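Position 191 of the sequence shown, counting from 1, maps to 1673 under the working numbering, and the rest follow consecutively.
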Amino acid sequence: MSAPLILSLSSADRPGITAKVTGFLFERGGNVLEAQQFNDTGAGAFFMRVEFDPGEATREDLRSGFAPIAVRFGMEWKLVQRDRPRRVMIMVSKFDHCLASLLYRWRIGELAMEPVAIVSNHPREAIEHTELGELPFHHLPITPDTKAAQEAEVRRLAQETGAELVVLARYMQILSDEQAAHFAGRCINIHHSFLPGFKGAKPYHQAHARGVKMIGATAHYVTSDLDEGPIIHQDAEAIGHADSPEDLIRKGRDIESRVLAEAVRLHLADRVLVNGGRTVVFSG
């Protein structure tokens, strides 16, 4: 079997799209391995993701053959090789639990990625508990006066390393509108989320003082609207009256780590399609 490919697409919802896509793959000798679709009836939008064995067809032939169909239906689409490791830049500050989780999952083969750079606004010693091995570490300090220059260096580094995805693994800096726009659709952030929400310093202590019964985390694409980008994955965990702020911090670390890792996995597998301010996330 040839290396499986993934065709993902979105368009205005029109009759015949599914038949046209599957018919095209059949005519080219492709064998569908998995197919999922979603019709957003409220927005009149259609989303589809197909994994298939291309048989004897090359990706270039499939691209050129499918292009007229995409034009006819006004599609936004991608055709990529499944399981190809994507080049990923990970940014971190002092809290390294999410970084450690991502690297562990990468090392055991759970995440199809190639870490090309670890970037921090703090020295390497700040994340001393995480083993980086031979991964390149870049200390790029930032102050209000140097923010623009530091962000320009991040963009340069991303281009130099060919980073296809930027992951903010508890990177405790707000990206400028320019930076958010530059990495639109390829930058994922993790945010502690509570009901009610607690912003600012010591959110777990605030949650403890309010006696919350649930804590959680949200992974989302970065936009210029702080912490309001399209959500990829969320999770929560019940807590009790006997839990201390330290207990909440401990549980919060676990939730943040697994939520971010799952969001990254879904993105790397091309299972996430942006639908306005929301996302369509195909399971698998």
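Positions of the beta carbon are idealized from the N, C-alpha and C atoms, including for glycine.
Please read these numbers as outputs of a predicted model, since none were measured by experiment.
Check                                                                                                                                                                                         : Outcome
Does DSSP put Leu-1677 in a helix, a strand or coil?                                                                                                                                          : At Leu-1677 the pLDDT is 38, less than 50, meaning the model places this residue with poor confidence; the figure from the coordinates comes in the next sentence. Residue state, collapsed to three classes: coil.
Work out the CA separation of Leu-1647 and Glu-1635 for me, nearest whole Å.                                                                                                                  : 16 Å
Identify, in the order they occur along the chain, each residue of the same chain with its Cβ nearer than 8 Å to the Cβ of Leu-1593, setting aside the five sequence neighbours on each side. : Leu-1584, Arg-1587, Ala-1743, Val-1746, Arg-1747 and Leu-1750
Pairing CB atoms from the region 1601-1621 with CB atoms from the region 1668-1687, are three or more of them under 8 Å?                                                                      : no
Using a Cβ-Cβ cut-off of 8 Å, state whether Gln-1632 counts as contacting chain B.                                                                                                            : In the structure shown, chain B cannot be found, because there is only a single protein chain.
Start and end of the alpha helix (DSSP H) containing Pro-1550?                                                                                                                                : 1541-1555
On the CB-based measure, 16 or more other CB atoms within 10 Å of its CB, does Val-1570 come out buried or exposed?                                                                           : buried
Does the separation of the CB atoms of Gln-1519 and Phe-1529 fall below 8 Å?                                                                                                                  : yes
Does the region 1663-1670 touch the region 1704-1723, meaning 3 or more C-beta pairs lie closer than 8 Å?                                                                                     : yes
For the structure I just gave you, are there three or more beta carbon pairs, one from the region 1491-1499 and one from the region 1544-1563, closer than 8 Å?                               : yes
May I ask you to list the residues that DSSP assigns as paired with Lys-1560?                                                                                                                 : Ser-1490
With distance defined between alpha-carbon atoms, name the residue in Ile-1697, Asp-1535, Val-1553 and Ile-1656 nearest to Pro-1626.                                                          : Ile-1656
Confirm, please, whether the CB-CB distance from Ala-1662 to Thr-1705 is below 8 Å.                                                                                                           : yes
What does the alpha-carbon distance come out to for the pair Arg-1606 and Asp-1659?                                                                                                           : 27 Å
Which partner residues does Gln-1519 have in the DSSP bridge list?                                                                                                                            : Met-1530
Can you give me the C-alpha to C-alpha distance between Asp-1709 and Glu-1538, rounded to a whole angstrom?                                                                                   : 45 Å
Taking the alpha carbon of Asn-1757 as the reference point, which residue from Arg-1554, Leu-1622, Met-1654 and Ala-1527 has its own alpha carbon closest?                                    : Ala-1527
So, for Cys-1580: in the same chain, excluding its five sequence neighbours on each side, which residues have a beta-carbon less than 7 Å away from its beta-carbon?                          : Ala-1651, Arg-1652, Ile-1672, Glu-1738, Ser-1739 and Leu-1742
Distance check for Ser-1546 and Ala-1775, CA to CA, integer angstroms please.                                                                                                                 : In the structure as shown, the chain begins at 1483 and stops at 1766. Residue 1775 is therefore absent and cannot be evaluated.
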